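Remarks on the structure that follows.
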Amino acid sequence: MKNIKPQSTYEYLLKAITFCIKGIEENSQDLLNAAAGFFKIVGESPAECDTIIGRQSMASAHFLRKQFDEVLVYLDSIRVRKKALVQFMRTMRNITNKLNQ
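Quick note: the sequence shown, position 55, residue 55 per UniProt numbering, numbers continuous.
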């Protein structure tokens, strides 16, 4: 896995998770730092930075670096986005119901 160059978000995530597991198994801070770096690449990518996957990736990167206040920022932002999405879906359902009456 070390010599494989990721080409997509999911390949970066696979590499990050693999390094994370190996880092825990081998008690290797170097592997955990590498995993954090791969999570950060996903979280900062323009395609993922405003997605749940991107925010979870940033939370994971900060968690591995023991930056727990930052972890909470990213996890809270997911919760806020989820609440907004749920409210939007309720509003759309209400509009649809009114249109169908």
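Using N, Cα and C, we set each Cβ at its ideal position, and we do this for glycine too. From a predicted model like this one, the values you see are computed outputs, not experimental measurements.
- When rounded, the separation of the alpha-carbon atoms in Ala59 and Asn100 is 42 Å.
- With 16 or more other CB atoms across the displayed protein chains lying within 10 angstroms of its CB, Leu13 is buried.
- For Gln56, the uninterrupted alpha helix (DSSP H) segment begins and ends at Ile52 to Leu64.
- Assignment of Cys49 by DSSP, reduced to helix, strand and coil, places it in the coil class.
- Here DSSP, grouped into helix, strand and coil, assigns Lys22 to helix.
- For the 7 Å CB-CB criterion, Ile78 and Arg55 form a contact.
- Looking from the CA of Asn27, the closest CA among Val73, Gln87, Leu85 and Leu64 belongs to Leu64.
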